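What follows is a short report on a single structure.
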Amino acid sequence: MKTIYSYGAWLGNLGKFMLALGLGLMPLSPQKAQAQEPILAPIIDSILPIDLKEVIIISSFNRGIEHKSQPKPLSTLDQYLESSKKVSMVKRGAYAWDPMLNDMTSERLSITIDGMRIFGACTDKMDPITSYVDVSNLSDIHVESGQQGARHGNVIGGALDMRLEKSNFRPLGWTGAVETGYESNNTAQIVGGELNFSNEHFYVDTDLIYRKSENYTAGGGEEVAFSQFEKYNLSTNAGYKVSENQKLLASFIFDEARDVGYPALPMDVSLARAFIGSLSWVQDSFIGDLENWETKLYANTITHIMDDSQRPDVPIRMDMPGWSDTYGFYTQTELILDDHHLIGKLDGYYNRSLAEMTMYPNDPNEQDMFMLTWPDVRTLNSGIYLEDKISLKESSVKLSTRLALQTFNVADDFGLNSLRIFYPDMAQRQTRMLKSVSAHYHRQFKALHFNGGLAYGDRAPSVSEGFGFYLFNSFDNHDYIGNPDLKNEKALEANFKLALPIKNLDISVEGNYFHTWDYIIGEVHPELDVMTIGADGVKVYTNLEYANLYNVSLDMAYQLTSELDWGGLVSYHRGTDQNGRNLPFISPLAYRSRLTYGHGNFSGTLTLSGALDQSDFSPDFGEDRTPAYTLLSLSLGKTFFIGGDTLYAKVGVENIFDRYYSTYSDWNNIPRMGRNFFMTLSYAIN
Amino acid sequence: MKTIKSIFALLALFLGIASCSDSTDDPLPVAENPLEEFNLTGSFEANGHALEIYSEQEGFVTGYNELFIRIKELSTGNYVSDAMIHWNPFMHMTDKTHSCPRSEISTTGDDTVYKGFIVFQMASNDDEYWELDLEYSFGGTTYTTTEQITVNAPSNGKRTVNVFTGTDDVKYVLAMMPLTPEVAVNDLSAVLFKMETMMNFPTVVDYTVAIDPRMPSMGNHSSPNNEDLLFDADTGIYSGKLSLTMTGYWKINLKLLNDQGDILKGEDVTEENEGSSLFFEIEF
């Protein structure tokens, strides 16, 4: 039996002072402390060069020792995602950042956990799916841009699939780990542990992680009020080999966050809770030549309670609970025929989204004011996905298509009648046909790799876009009304990637372009009266004639010496509508430059990152010009061998110059974290 | 909420079973009271008859009262059909006596049930009281009786009737008809009368009652797609559409416009002016 064991303890409440001391002392003590700092080099998976996917390796602590590129095993999942080259995060506080891919958020993406569809229960997007898992139970995240993500669902922007970590019948016996951490800036405490058993016939993995953070401090020392959070996550995975060819797998995640502050919003969250479970049957061979047959049944339920009870000064007290339950399945199989690698997948899900809003009048004798903000919308989506990868001489082609049928049913009469105030002839049910086709081509000219693709896909409106009722958006200070008559949003997408290694320098240029017809966005309706006290107006979701989005990035890696590597990334994004008006949440020119040193047991990383002035901002959607910023961060790591055991230590400092800054994706310009020290220490008994 | 719903569902199921078993146990038909679902707000004995007055509300209240009348012959216990009934309410104030707007009394589908409405402008108090004169005839004989009645302000204290003098120096009575408000587009109706004399209140035709519903507790916001109340000559009622976007207290600000479009009473709601002097109130 091999036991990997790590031990650490927080530095408690002694704060930065002790941390600074600890920086010097740390290698001598089996302690670990850490702070938020994403200095992760995402590892690009290109086994099949036709798949332009990015894989963000997360892995657990014990495997983290094997991956020294891991900065901190216990940083939040949001920070891992943010360190990716393709994903950016909309932040409303320190917790539950909302991932964006190709400048598009959840309604244009498919975000899944091991292929399971889950939908947040918050009308204000305070609970993206990524907030219901934690790094403790994930192995990696697959990021697929545009229609390449169509395997998981109907998407425009792409797909994020978070893969759960599994022992997967490796003959490891019992393994366990205990992890703790501390962050200086927001006095965050992290405790985690895992206990796994795995042999060739059976495995069971359990993970537990607990985080508690106080308010963080922005650059310059300003405390950001209501940025605290507390959460814990428990997950279990089990597998049983029925025969050499057949496996039965089960997974369960329980995640609960309490007392989560959202400094950029007028309300906080007292409870966000998810139960996520699945059962799968995996068979290496299926009927005839079909192989790798996998069938999964899953269910999840989310409860999200938004409240403002901690806020000292509000015009009116309110509660906004929401619920989202999803039941789904998929079954997929593969077929390899000569040069063809075919994948077929059938999938379906049923989601129920309900959200309420109760406002308590200042006069206690008055009746409460109640409305349904999501009118118990039942979404049923069933689809078929087919893919063929064709290997040709020095090139390959990937063709894929998805067809799906999506129905909406507004199940609650109260909610239906509410919406009929705006849409008197609105039907209770509606059905939409969704399609996706894509073709990708890869060719190698000596050392040069070329990837190019063309795709078309569409999506149905989200529950908020189609059926939301007075959803307040604090970013542009408007109430939003859904529109059941929205047309499907359709996008034509073109993408390319050129990769050229020249001696020690790898250069790649990547770009994509989305021409989106009937782009869904809220437009002001001046004749409508606001509901929320202090709001500037009411917006109704509308189809724009079209919008154009493009993203270009230049990625370079240069090996200076055998010990020293340099990596650089520059990206540019632009989004406009048919009148040339800027779309919101489009990144300005951003850059990252990183020097990595690795020699023997020692490693170090120096990162410079920043963005230029956001000149193409969108005042119509509440944006203002975000000024340029540059940040410098440093981390150092060393492995020690103590007897037969391994001790891996990492120290670092983020935002070294304590810059006060916010980025284009920070909701209402809330400032980001100031200077931050972190330490991690991992101890493995072999 | 989910739990409550399922409890109701269970309850409904249980009641369903219970009522099924009842119907088999009790085959005897019961003489139905056609006004069972209404409240008996008054029963006056006179001339060997009992005059029963039913209403949806409990007792007589200020504002619009839809009333049903039945005449019972005390000697036989039978209800009289094909009677002609006239009524006249009087308010005995300390300094004067006046009547109030009321309809004619008509028959209903059941020929022993008669129906009409009275709009009481004010409630009874210690010094001032309402009397109802009833004159009814059947079988060639005409009977009369006068009874004192008590008119209360609505228990929720919400305003459903306005008595006012327009800019044309005419005194009007505007009353909201009963409404079960829902978060939806509601059919809102009202009746409008002119006080020609102390006793005479003819219906005003072809005016417009403009509505602007607001929630004073929630930033005084309004709602979309309301329709002003317009006169329907067939029913003599002003009808329109009232959108209520949530539960709670709503103040329906009103403006009365004559057939020329001149505002006779009421003001626009603006940033400076929170409400009109002419309004109805709803709370649910």
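Protein chains in written order, with my numbering: chain A, 1 to 686; chain B, 1001 to 1284. Glycine residues also receive a C-beta, built at the ideal position from the N, C-alpha and C atoms. Since the model is a prediction, treat every value here as computed from it, not as a measurement.
Own chain, CB closer than 7 Å to residue i, minus 5 neighbours either side, in chain order
| i | result |
| --- | --- |
| A:Gly466 | Phe408, Gly482, Asn483, Pro484, Leu486 |
| B:Phe1284 | Pro1181, Thr1247 |
| B:Ile1071 | His1049, Leu1051, Tyr1079, Val1080, Ala1083, Tyr1136 |
| B:Thr1142 | Glu1135 |
| A:Met426 | Leu419, Arg420, Pro484 |
Inter-residue spacing [alpha-carbon to alpha-carbon] between residue i and residue j
| i | j | result |
| --- | --- | --- |
| B:Pro1029 | B:Thr1094 | Residue placement at B:Pro1029 is flagged as unreliable, the pLDDT there being 44, under the threshold of 50; a coordinate-derived value is accordingly withheld. |
| A:Trp517 | A:Val552 | 21 Å |
| A:Leu172 | A:Tyr350 | 38 Å |
| A:Pro315 | A:Met267 | 12 Å |
| A:Asn548 | A:Gly610 | 25 Å |
| A:Lys91 | A:Pro99 | 9 Å |
| A:Pro380 | B:Asn1186 | According to the sequence provided, residue 380 of chain A is Leu. The question's Pro does not apply to it. Computed Cα separation, rounded: 31 Å. |
| A:Asn215 | A:Thr175 | 35 Å |
| A:Ser75 | A:Gly192 | 12 Å |
| A:Tyr262 | A:Ala94 | 7 Å |
| A:Ile521 | A:Asn488 | 12 Å |
| A:Phe61 | A:Met162 | Reliability fails at A:Phe61, whose pLDDT of 41 lies under 50, so the model's placement of it is uncertain and no value is given. |
| A:Ile111 | A:Ile287 | 31 Å |
| A:Asp127 | A:Ala272 | 8 Å |
| A:Thr431 | A:Arg378 | 12 Å |
| A:Val282 | A:Lys247 | 5 Å |
When the options are compared against residue i, the one with the closest alpha-carbon
| i | options | result |
| --- | --- | --- |
| A:Thr542 | A:Leu647, A:Ala460, A:Asn300 | A:Ala460 |
| B:Ser1124 | B:Pro1154, B:Ile1105, B:Tyr1114, B:Val1113 | B:Pro1154 |
| A:Ser615 | A:Gly288, A:Asp289, A:Thr180, A:Arg625 | A:Arg625 |
| A:Ser382 | A:Leu419, A:Ser400, A:Val397, A:Leu405 | A:Leu405 |
| A:Met371 | A:Ile336, A:Asp325, A:Met320, A:Asn362 | A:Met320 |
| B:Tyr1114 | B:Thr1160, B:Glu1066, B:Glu1128, B:Pro1178 | B:Glu1066 |
| B:Leu1174 | B:Glu1037, B:Val1119, B:His1221, B:Phe1068 | B:Val1119 |
| A:Ala355 | A:Leu471, A:Phe254, A:Glu165 | A:Leu471 |
| A:Phe254 | A:Glu244, A:Tyr232, A:Leu248 | A:Tyr232 |
| A:Leu612 | A:Ile302, A:Leu634, A:Ser587 | A:Ser587 |
| A:Gln148 | A:Asp205, A:Asn137, A:Asp127, A:Leu386 | A:Leu386 |
Cβ neighbour criterion (16 or more within 10 Å) applied to residue i
| i | result |
| --- | --- |
| A:Lys86 | buried |
| B:Val1269 | buried |
| A:Gly157 | buried |
| A:Asn504 | exposed |
| A:Ile502 | exposed |
| A:Pro364 | exposed |
| B:Ile1252 | buried |
| B:Ser1043 | exposed |
| A:Met357 | buried |
| B:Leu1244 | buried |
| A:Asp284 | exposed |
Contacts around residue i, its chain only, beta-carbon distance under 6 Å, and the 5 residues preceding and following it disregarded
| i | result |
| --- | --- |
| A:Leu297 | Leu279, Phe329 |
| A:Lys638 | Asn601, Phe602, Ala649 |
| A:Lys212 | Gln189, Glu230 |
| A:Asn300 | Ile118, Ile276, Thr326 |
| B:Ser1189 | Met1177, Ile1237, Ser1239 |
| B:Ile1282 | Pro1181, Trp1250 |
Residue i vs residue j beta-carbon contact at 8 Å
| i | j | result |
| --- | --- | --- |
| B:Thr1148 | B:Thr1062 | For the record, residue 1148 of chain B in the displayed sequence is Gln; it is not Thr. The answer is no: Cβ separation not under 8 Å. |
| A:Ser84 | A:Val143 | yes |
| B:Pro1224 | A:Phe422 | yes |
| A:Ser717 | A:Asp307 | Outside the displayed range of chain A (1 to 686) lies residue 717 of chain A, so it cannot be described from this structure. |
| A:Glu563 | A:Gly537 | no |
| A:Lys389 | A:His341 | yes |
| A:Val653 | A:Asn676 | yes |
| A:Ser198 | A:Arg170 | yes |
| A:Ala590 | A:Gly146 | no |
| A:Thr236 | A:Trp293 | no |
| A:Met673 | A:Asn655 | yes |
Cβ-based neighbour list, residue i, same chain, cut-off 8 Å, excluding 5 preceding and 5 following
| i | result |
| --- | --- |
| A:Thr630 | Leu608, Ser609, Gly610, Arg659 |
| B:Asn1039 | Tyr1054, Ser1055, Glu1056, Gln1057, Glu1058, Gly1059 |
| A:Gln578 | Leu544, Glu545, Tyr546, Ala547 |
| A:Asn168 | Ser198, Tyr203, Gly239 |
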